[in-house]
Amino acid sequence: MLVGAAMVATRTVAHDVAPVTLAFLRYLIGLGILALPVLHASRSRRRVQFAAKDIGAIAGLGVLQFALLIVLLNYALQTLPAATCALIFSTMPLVTMCLAIALGHEIFSLGRAIGLLLAMSGVALLLGFPAPHFGADSPGSASHWVALAALVGATVTGAACSLLYRPYLQRYAALPTSALAMLAAVLFLLALCVATGQSLLPPLTAFQWGNVGFIGLSSGIGYFCWLWALGKLDASRVVAFQALGPVTAAAIQLVLARQWPSWSLCLSIALVATGLNIALRERRARRAAPGLG
Numbered sequence: 001m002l003v004g005a006a007m008v009a010t011r012t013v014a015h016d017v018a019p020v021t022l023a024f025l026r027y028l029i030g031l032g033i034l035a036l037p038v039l040h041a042s043r044s045r046r047r048v049q050f051a052a053k054d055i056g057a058i059a060g061l062g063v064l065q066f067a068l069l070i071v072l073l074n075y076a077l078q079t080l081p082a083a084t085c086a087l088i089f090s091t092m093p094l095v096t097m098c099l100a101i102a103l104g105h106e107i108f109s110l111g112r113a114i115g116l117l118l119a120m121s122g123v124a125l126l127l128g129f130p131a132p133h134f135g136a137d138s139p140g141s142a143s144h145w146v147a148l149a150a151l152v153g154a155t156v157t158g159a160a161c162s163l164l165y166r167p168y169l170q171r172y173a174a175l176p177t178s179a180l181a182m183l184a185a186v187l188f189l190l191a192l193c194v195a196t197g198q199s200l201l202p203p204l205t206a207f208q209w210g211n212v213g214f215i216g217l218s219s220g221i222g223y224f225c226w227l228w229a230l231g232k233l234d235a236s237r238v239v240a241f242q243a244l245g246p247v248t249a250a251a252i253q254l255v256l257a258r259q260w261p262s263w264s265l266c267l268s269i270a271l272v273a274t275g276l277n278i279a280l281r282e283r284r285a286r287r288a289a290p291g292l293g
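Note that UniProt numbering numbers the sequence shown so that position 123 is 123, with each residue one more than the last.
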């Protein structure tokens with residue numbers, strides 16, 4: 001839901017801030033939010049000692065999930081319609097479940113698969129079942145296939161990171177792990193901004209900076225909650241809640257516009273809620289795997 005709210009705030013500043021700069025600012029602010037409790041924990045002698053090899057792995061996952069994923073998604077959005085990108089990206093729960101089954105982290109669950117499909121159908125209905133239109137570039141053009149590959153790469157990257165975090169979340173607390181991963185992403189995005197000549201402090205109004213601050217706050221809190229949940233639940237269940245993002249964004253936009261919800265939004269919410277309920281009620285389907293405890 002925090003991601004959905006951040007989507008609305010992002011739309012208000014997307015035309016005034018470069019994508020890389022906005023990503024840098026949102027995670028810089030998010031890191032600041034996480035740094036406060038991390039510093040408090042370190043002063044109270046509860047500092048987490050990361051193994052050297054784990055520091056590199058967690059940092060790499062942070063760069064993959066925040067920097068690479070966003071770069072690939074933004075590249076796809078330059079060629080493909082936003083609705084098409086959102087619909088394909090919403091398949092991440094199914095991709096996560098397939099990867100988890102293939103790697104032996106989970107076993108196949110028909111009930112969970114049905115729940116994920118219902119949640120995805122709710123997102124598809126909300127997006128209006130986008131037709132296979134690909135903007136200015138024709139479906140057979142090289143740029144179309146490159147954009148589509150970038151979109152699929154972003155989806156698989158998000159799914160894979162959700163699985164790969166789990167061993168580290170079983171060894172370390174979610175809060176310092178979140179801060180370390182986000183710090184790596186901030187440093188990477190900082191270098192990317194410098195390399196591409198993007199401004200680190202764009203000229204924005206107070207209202208726009210307020211939106212950027214909210215985006216960063218949502219990122220910091222939301223990412224911590226995401227990792228904490230990944231340490232407690234199967235990855236496919238956690239990623240399933242991504243379906244709440246577009247629904248939340250649509251609901252907030254209706255409130256801001258002072259409009260009544262449409263039948264499609266109500267049906268979308270019902271499908272997403274039913275799908276998540278089925279996925280959560282399904283008996284936990286996870287098989288012990290090497291390195292996962």
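Ideal Cβ placement from N, Cα and C applies to all residues, glycine included. For clarity, every value in this text was computed on a predicted model and none was experimentally measured.
Residue i versus residue j: straight-line alpha-carbon distance, rounded
| i | j | result |
| --- | --- | --- |
| Ser121 | Ala51 | 42 Å |
| Gly213 | Leu25 | 8 Å |
| Ile215 | Ala6 | 5 Å |
| Pro176 | Leu151 | 30 Å |
| Thr274 | Leu117 | 10 Å |
| Asp234 | Ile101 | 11 Å |
| Ile252 | Leu28 | 25 Å |
| Ala59 | Leu72 | 19 Å |
| Tyr168 | Val8 | 32 Å |
| Asn74 | Ala195 | 17 Å |
| Gln208 | Trp226 | 26 Å |
| Thr10 | Cys266 | 24 Å |
| Ala240 | Leu163 | 13 Å |
| Gln170 | Trp145 | 39 Å |
| Ser143 | Leu190 | 28 Å |
| Met1 | Gln242 | 8 Å |
| Cys193 | Leu187 | 10 Å |
| Leu68 | Ala185 | 9 Å |
| Ser262 | Leu254 | 9 Å |
| Ile107 | Cys161 | 19 Å |
| Ser218 | Ser109 | 32 Å |
| Arg281 | Leu103 | 23 Å |
| Trp260 | Arg166 | 41 Å |
| Leu36 | Thr79 | 40 Å |
| Gly210 | Ala14 | 14 Å |
| His40 | Gly111 | 42 Å |
| Ala206 | Arg43 | 34 Å |
| Asp54 | Ile33 | 23 Å |
| Ala91 | Lys232 | Reading off the sequence, residue 91 comes out as Thr, not Ala. Their backbone Cα atoms lie some 22 Å apart in a straight line. |
| Ala57 | Arg258 | 46 Å |
| Ser236 | Gly222 | 17 Å |
Top-ranked residue by Cα proximity to residue i, from the options
| i | options | result |
| --- | --- | --- |
| Ala159 | Ala174, Ile278, Phe66 | Phe66 |
| Leu183 | Val17, Thr21, Leu61, Ala18 | Leu61 |
| residue 322 | Met1, Thr12, Val3, Leu2 | A question about residue 322 goes unanswered here, because the residues of the chain that appear run from 1 up to 293. |
| Ala113 | Leu125, Leu265, Ala124, Pro93 | Pro93 |
| Val3 | Val63, Leu233, Gly220 | Gly220 |
| Leu244 | Gln49, Val123, Pro167 | Val123 |
| Leu148 | Leu163, Arg281, Ala270, Ala76 | Ala76 |
| Ser264 | Leu276, Ala250, Phe241 | Ala250 |
| Ser268 | Leu125, Gln259, Leu69 | Leu125 |
| Ile70 | Leu22, Ala119, Arg43, Ala270 | Leu22 |
| Leu31 | Gly153, Phe224, Gly231 | Phe224 |
| Thr96 | Ala206, Arg258, Ile278, Leu230 | Leu230 |
| Ala279 | Ala119, Tyr172, Leu99 | Ala119 |
| Val48 | Ala206, Asp54, Tyr172 | Tyr172 |
Residue i at chain D interface by Cβ criterion, 7 Å
| i | result |
| --- | --- |
| Tyr165 | Considering every chain present, this structure includes no chain D. It has just one protein chain. |
Residue i beta carbon near the ligand SAM (any heavy atom closer than 6 Å)
| i | result |
| --- | --- |
| Trp145 | Only the bare structure without any ligand can be found here, which leaves the ligand SAM out of the picture. |
Nearest-angstrom Cβ-Cβ length linking residue i and residue j, presumed shorter than 8 Å
| i | j | result |
| --- | --- | --- |
| Trp228 | Ala174 | 4 Å |
| Ala179 | Val38 | 5 Å |
| Val247 | Val272 | 5 Å |
| Phe89 | Thr155 | 5 Å |
| Leu276 | Gly115 | 7 Å |
Reduced DSSP category for residue i - H, G, I as helix; E, B as strand; rest coil
| i | result |
| --- | --- |
| Asp16 | coil |
| Asp137 | Any reading at Asp137 must be qualified, since the residue scores a pLDDT of 47, below 50, and its modelled position is unreliable; the value itself is stated next. Coil, per DSSP. |
* Taking 8 Å as the threshold, find out whether the region 186 to 206 comes into contact with the region 10 to 23 through three or more Cβ pairs. => Verdict: yes, contact present.
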